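Participant:
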Amino acid sequence: MKEELGKNMEVKQIGDCLKNYGKGEVLTGAEILLRALELEGVDTIFGYPGGTVLHIYDAIYKCRTIRHILPRHEQGGAHAADGYARSTGRPGVVLATSGPGATNLVTGIATAYMDSVPMIVITGQVSVPAIGRDSFQEADITGITLPITKYGYLVKDVRDLARSIREAFYIATTGRPGPVIIDIPKDVTLAETEFYYPPAYNLPGYKLRPNGIEKELLETVELLNKAKRPVLYAGGGVISSQAEKLLTELAEKLDIPVTCTLMGKGAVPDTHPLSLGMPGMHGTVYANYALTECDLLLAVGVRFDDRVTGNVKTFAANAKKVHIEIDPAEVNKNVAVDLAVLGDAKEILSELLSRTQEQKRPQWLAQIDEWKNQYPLKFGQSDNGALKPQFVISSINKILEDNSIVVADTGQHQMWSAQYIKTTRARGFLTSGGLGAMGYGFPAAIGAQVANPDALVVAVVGDGGFQMNLQELATAANYNLPVKVCLINNGYLGMVRQWQDLFLEKRYSHTDINSGPDFVKLTGAYGIKAMRVQRPEEVLPALEEAKNTKGPVVIDFVVEKEENVFPMVPAGKSIFEILGR
Amino acid sequence: MKHTLAVLVENRPGVLTRIAGLFARRGYNIESLAVGETEDPTVSRMTIVVEGDEKVIEQVTKQLHKLVDVIKLSDISNEENVDRELILIKVNAEPQVRAEIMQIVDIFRARIVDIGRNTLIIEATGDSGKIKAIETSLKPFGIRELVRTGKIAMVRGPKVKNGKNNKSLSF
């Protein structure tokens, strides 16, 4: 029966399979945890051992169905679980011990929370009688993670464990996904009880919304029919709900240009004629102009982030705004909308598709083409022969395949990746959007590679962020994970330096990190292949070589030091007030 | 404007922290919060008084609703309701002013619940107007200590806000 349970089953089906499952079998808390993870279809845990999870690790030792990946820092494990989840849509599972193990997860959990990534966080806790006594390696991790988790359990009784895990998976993966933490005291992992995995949930406070009410759907259709200059503004919610195909179909049927946010990148292929690229601070000029000039803004699975809207008062000021959204609290949070259609984007878009007629908007699209021609994304050639980071990043496109995954860390290279990497499918581009966590990229790429062993996974990182988690080189070497790391090395904390350059008269306060290390030597110490590239003509051959190498590779691209990301809308300005167009 | 929210929550450890944390983190102001078990021991009811314009209240209610432990939530400010608060006041009461204090207590239909050598503890219940009035009246004698429960409220008539299966406020 275990085999019948899997990741593609509906909640109800799993429930049916589970009736009476395992009744009568007495297991320890640790065994219950592993059994429950198996039943939820988990195939991989990213975890780090420690005192309070000793018995859990003993159960893992005996477990044949779940693969355990050992990162070299719990933060790396959390980001890897996140990369696993984003690249597959299935919940990532991370495990750490109590105290420092748990607190090291915090950045990873916050990253997943901000970007609505389904994640199950399992932490050890000191034994129940020791809780609250400042015991060795005790930290109130459910308390610490309260604002950055969708929900949390401190399981003080082994009889609550199976139910808590079942609920945790349900909460993490349904509605607006997010991380859920399960904190398990050491004595609970050793305590025994009859294993019973409840088929149903008792969560009266957790309700999923119906998908779009008739009246709202009708109004949306009417607005779509009347609109002369509509724009689709698509975000991570489209990808979470697997609505990318329907979104593209709707855009094509109604001839509506689409701007995908950083989180929505790939929802409509970047190569699609209706694609406007990314909106906002470092978005394309034409996306921002289209948002400013549109008469109907159809926002799908977005949260009107300040990096997208700029000054909210002038954001799409002339447009009727319709917000298709699963989380009611996002409606009218930052920008007031005219109409909210609550529910799952996939269901709602499918309704809209079936209720609308084909349309053509030659005038509006001609206007957009004019903007595209007038203000394309552009970067210059350097006069000293130095490498342009944008050139390096656009060259990566030449080695990408249909199932490739690009993971960008946080900083200038992230924005250049968003601008220049041509993502053609959902889940093909991963990055820490909301939290903007430096150090995310490399371990998340490891997680994505674990989940997609046959895909080409490219991590684009800066020399700042890479150093925040480069201990994970050991993980890549350990499991021979063929991640290709493209290090955009400019010797600066580039994005902060850019702000200091533009707004603080070049007072480069503590952003110069040119002191090394020698990344080629360092990578070599881990037994990983490394290359250094300093000239434009070496870029493509190095990328090809990396691609053809079986194991992990780090390419140290030494790029122009003081290149800035443009276009740029300074923080708080209107999105049509663009520098460097 | 002040809004009174009736919030049904799971009666579990940590729920109050979740609610209080939400208010702090999102920058909303709690005027008062009273909580206790309902007729169903697995459910607690909170009465939260929160200050803010329509926009703020919309966000507060939606964010509260998002919490897994919040079963149901209603803004009862615009419904006919009975609201009560309980106050205990320890007031200076030298023998020569006791009669005067007792008169005030009578007027407000309050009660004296403890007599010390030079102090009285007075218990009063009522809506916020009455509670404020009794506090003002006793102030001249010298208030030594004061404690109040925060407002609890219930909608008049047959309408029921408790119960896990009732229809919730929709957005």
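In order, the protein sequences belong to chains H and R.
Under this note's numbering, the first sequence has 498 at position 498, and the numbering climbs by one with no breaks.
Under this note's numbering, the second sequence has 143 at position 143, and the numbering climbs by one with no breaks.
Ideal Cβ positions, reconstructed from N, Cα and C, are used throughout, including at glycine.
The structure presented is a predicted model; accordingly, all values stated were derived computationally and were not measured.
1. With a cut-off of 8 Å, does the C-beta of H:Met1 fall near any C-beta of chain R?
2. Against R:Leu67, what residues of chain H qualify as contacts under a CB-to-CB distance less than 8 Å, listed in chain order?
3. Using the three-state DSSP reduction, which class does H:Asp295 fall into: helix, strand or coil?
4. Return yes when the Cβ of H:Thr149 is within less than 8 Å of the Cβ of H:Gln178, no when it is not.
5. At which residues does the beta strand (DSSP E) containing H:Pro570 begin and terminate?
6. Quick one: Cα of H:Pro204 to Cα of R:Pro41, how far?
7. Could you pull the start and end residues of the alpha helix (DSSP H) that R:Ala6 belongs to?
8. Under the assumption that H:Thr431 contacts H:Leu262 (Cβ atoms under 8 Å), give the Cβ distance between them as a whole number of angstroms.
9. What number of angstroms, rounded off, separates the C-alpha of H:Asn564 from the C-alpha of R:Val68?
10. Verify the CB distance criterion: does R:Arg18 have a CB-CB separation below 8 Å to chain H?
11. Taking the alpha carbon of R:Met154 as the reference point, which residue from R:Val91, R:Leu73 and R:Arg111 has its own alpha carbon closest?
12. Between R:Ala133 and R:Ile143, what straight-line distance do the alpha-carbon atoms span, to the nearest angstrom?
13. Skipping 5 residues on each side, what residues in its chain have a beta carbon closer than 7 Å to that of H:Lys7?
14. For H:Asp463 and H:Ala317, I'd like the C-alpha separation in whole angstroms.
15. What's the gap between the Cα of H:Ile165 and the Cα of H:Leu349?
16. Identify, in the order they occur along the chain, each residue of the same chain with its Cβ nearer than 8 Å to the Cβ of H:Ala139, setting aside the five sequence neighbours on each side.
17. Output yes or no for whether 8 Å exceeds the beta carbon distance between H:Thr189 and H:His55.
18. Let's see if you can read the secondary structure: which residues bound the beta strand (DSSP E) around H:Gly124?
19. Going by C-alpha to C-alpha distance, which of H:Arg425, H:Ala418, H:Ile421 and H:Val312 sits closest to H:Asn403?
20. Answer with buried or exposed for R:Met1, where buried requires no fewer than 16 other C-beta atoms within 10 angstroms of its C-beta.
21. Quick one: using the 10 Å Cβ neighbour count with 16 as the cut-off for buried, is H:Asp454 buried or exposed?
22. Measure the CB-CB distance between H:Val554 and H:Phe519 and report whether it falls below 8 Å.
23. So is R:Ser170 buried or exposed if we call it buried at 16+ other beta carbons inside 10 Å?
24. Provide the residue(s) that pair with H:Ala36 in DSSP beta bridges, ordered along the chain.
25. State the DSSP-derived secondary structure class of H:Asn478, mapped to helix, strand or coil.
26. For H:Arg581, which of helix, strand or coil comes out of DSSP?
27. Against chain R, which members of the segment 142 to 155 of chain H pass a CB distance test of less than 9 Å?
28. Considering only residues of the same chain and omitting the five flanking positions on each side of H:Asp270, which have a CB-CB separation below 6 Å?
29. How close, in whole Å, do the beta carbons of H:Val312 and H:Asn334 come, if the pair is a contact with beta carbons under 8 Å?
30. Would you verify that the beta carbon of H:Lys614 is, or is not, closer than 8 Å to some beta carbon of chain R?
31. Excluding the five sequence neighbours on either side, which residues of its own chain have a C-beta within less than 6 Å of the C-beta of R:Thr38, listed in chain order?
32. By the criterion of Cβ-Cβ separation under 8 Å, what are the contact partners of H:Ala329 in chain R?
33. Classify H:Phe557 as buried or exposed, calling it buried when 16 or more other Cβ atoms lie within 10 Å of its own Cβ.
34. Ignore the nearest five residues each way along the sequence and tell me which others in H:Asn478's own chain have a CB closer than 8 Å to its CB.
35. Our contact map puts H:Val457 next to H:Gln449 with C-beta atoms below 8 Å; I'd like the distance itself, whole angstroms only.
36. Identify which residue in H:Ala168, H:Phe576, H:Leu27 and H:Arg35 has its Cα closest to the Cα of H:Gly92.
Facilitator: Well, looking at it:
1. On the first sequence, position 1 is the one that residue 1 of chain H refers to. The pLDDT assigned to H:Met1 is 37, lower than 50, so where the model puts this residue is not dependable; a value taken from the coordinates is nonetheless given after this. Residue-level contact by beta carbon fails for H:Met1 and chain R, as no gap is shorter than 8 Å.
2. As a first step, residue 67 of chain R is located in the second sequence; it is residue number 67 there, counting from the start. Going along chain H in sequence order, the residues near R:Leu67 (Cβ under 8 Å) are Gly205.
3. By 1-based counting over the first sequence, the position of residue 295 of chain H is 295. Residue state, collapsed to three classes: coil.
4. As a working note, residue 178 of chain H is residue 178 in the first sequence. As a working note, residue 149 of chain H is residue 149 in the first sequence. For the sequence presented, residue 178 of chain H should be read as Gly rather than Gln. Contact flag set, yes.
5. Position 570 of the first sequence holds residue 570 of chain H. That residue, H:Pro570, is in no beta strand (DSSP E); it is neither H nor E in DSSP.
6. Start at 1 with the first residue of the first sequence, and residue 204 of chain H comes out as number 204. Start at 1 with the first residue of the second sequence, and residue 41 of chain R comes out as number 41. One alpha carbon belongs to H:Pro204, the other to R:Pro41, and they sit about 15 Å apart.
7. Taking the first residue of the second sequence as 1, we reach residue 6 of chain R at position 6. R:Ala6 -> not in any alpha helix (DSSP H); beta strand (DSSP E) instead, spanning Lys2 to Glu10.
8. In the first sequence, residue 431 of chain H corresponds to position 431, counting from 1. In the first sequence, residue 262 of chain H corresponds to position 262, counting from 1. Rounded, the Cβ-Cβ distance is 6 Å, consistent with contact.
9. Here the question's residue 564 of chain H lines up with position 564 in the first sequence. Here the question's residue 68 of chain R lines up with position 68 in the second sequence. Straight-line Cα distance between these residues: approximately 44 Å.
10. The residue you call residue 18 of chain R lines up with position 18 of the second sequence. Output row for R:Arg18: interface = yes.
11. In the second sequence, the residue the question calls residue 154 of chain R occupies position 154. Ranking R:Val91, R:Leu73 and R:Arg111 by Cα distance to R:Met154 puts R:Leu73 first.
12. As a first step, residue 133 of chain R must be located in the second sequence, where it is residue number 133. As a first step, residue 143 of chain R must be located in the second sequence, where it is residue number 143. Rounded to whole angstroms, R:Ala133 and R:Ile143 show a C-alpha spacing of 14 Å.
13. Along the first sequence, one-based indexing puts residue 7 of chain H at 7. Here H:Lys7 scores only 46 on pLDDT, less than 50, and its place in the model is too uncertain to base an answer on.
14. For this step, residue 463 of chain H is matched to residue 463 along the first sequence. For this step, residue 317 of chain H is matched to residue 317 along the first sequence. Distance between the alpha carbons of H:Asp463 and H:Ala317: 40 Å.
15. The count along the first sequence starts at 1 and reaches residue 165 of chain H at position 165. The count along the first sequence starts at 1 and reaches residue 349 of chain H at position 349. Rounded to whole angstroms, H:Ile165 to H:Leu349 spans 32 Å at the Cα level.
16. Indexing the first sequence from 1 puts residue 139 of chain H at position 139. Ser98, Gly99, Pro100, Ala102 and Thr103.
17. Along the first sequence, read from residue 1 onward, the residue named residue 189 of chain H stands at position 189. Along the first sequence, read from residue 1 onward, the residue named residue 55 of chain H stands at position 55. Yes. Within cutoff.
18. Position 124 of the first sequence, counted from the start, is the residue given in the question as residue 124 of chain H. Element bounds for H:Gly124: Met119 to Gln125.
19. Here residue 403 of chain H corresponds to residue number 403 of the first sequence, with the count starting at 1. Nearest C-alpha to H:Asn403: H:Arg425.
20. Within the second sequence, the letter at position 1 stands for residue 1 of chain R. Its Cβ having fewer than 16 others within 10 Å, R:Met1 is exposed.
21. Within the first sequence, numbered from 1, the residue matching residue 454 of chain H stands at position 454. Under the 10 Å beta carbon count, H:Asp454 is surrounded by fewer than 16 other beta carbons and is classified as exposed.
22. Position 554 of the first sequence, counted from the first residue, corresponds to residue 554 of chain H. Position 519 of the first sequence, counted from the first residue, corresponds to residue 519 of chain H. Yes, they are a contact pair.
23. In the second sequence, residue 170 of chain R corresponds to position 170, counting from 1. Confidence in R:Ser170 is poor, its pLDDT being 38 and thus under 50, which makes the residue's placement too unreliable to answer from.
24. Here residue 36 of chain H is taken as the residue at index 36 of the first sequence, counted from 1. Answer by DSSP bridge pairing: none, since H:Ala36 is not bridged.
25. Locating residue 478 of chain H in the first sequence gives position 478, where the first residue counts as 1. DSSP places H:Asn478 in helix when its eight states are reduced to three.
26. Residue numbering aside, residue 581 of chain H sits at position 581 when the first sequence is read from its first letter. DSSP places H:Arg581 in the coil class of the three-state scheme, outside both helix and strand.
27. Only Thr142, Gly143, Leu146, Pro147, Lys150, Tyr151, Gly152 and Leu154 from the segment 142 to 155 of chain H bring a Cβ to less than 9 Å from some Cβ of chain R.
28. As a working mapping, residue 270 of chain H is identified with position 270 in the first sequence. Result list for H:Asp270: Lys422 and Thr423, in chain order.
29. Residue numbering aside, residue 312 of chain H sits at position 312 when the first sequence is read from its first letter. Residue numbering aside, residue 334 of chain H sits at position 334 when the first sequence is read from its first letter. Right, the Cβ-Cβ distance comes to about 6 Å (below 8 Å), so this counts as a contact.
30. With chain H running from 1 to 581 in the structure shown, residue 614 of chain H is simply not present.
31. Numbered from 1 along the second sequence, position 38 holds the residue referred to as residue 38 of chain R. A distance below 6 Å between beta-carbons, with the five flanking residues on each side excluded, links R:Thr38 to the following residues of its chain, in chain order: Arg45 and Asn162.
32. Within the first sequence, numbered from 1, the residue matching residue 329 of chain H stands at position 329. Around H:Ala329, the beta-carbon contacts reaching into chain R at under 8 Å are Gln59, Lys62, Gln63, His65 and Lys66.
33. The count along the first sequence starts at 1 and reaches residue 557 of chain H at position 557. Burial call: buried.
34. Residue numbering aside, residue 478 of chain H sits at position 478 when the first sequence is read from its first letter. So the list reads Leu70, once near-sequence residues are dropped.
35. Along the first sequence, read from residue 1 onward, the residue named residue 457 of chain H stands at position 457. Along the first sequence, read from residue 1 onward, the residue named residue 449 of chain H stands at position 449. Cβ atoms of H:Val457 and H:Gln449 come within 8 Å of each other, at about 4 Å.
36. Reading the first sequence from its first residue, position 92 is the one you call residue 92 of chain H. Ranking the options by Cα distance to H:Gly92, first place goes to H:Ala168.
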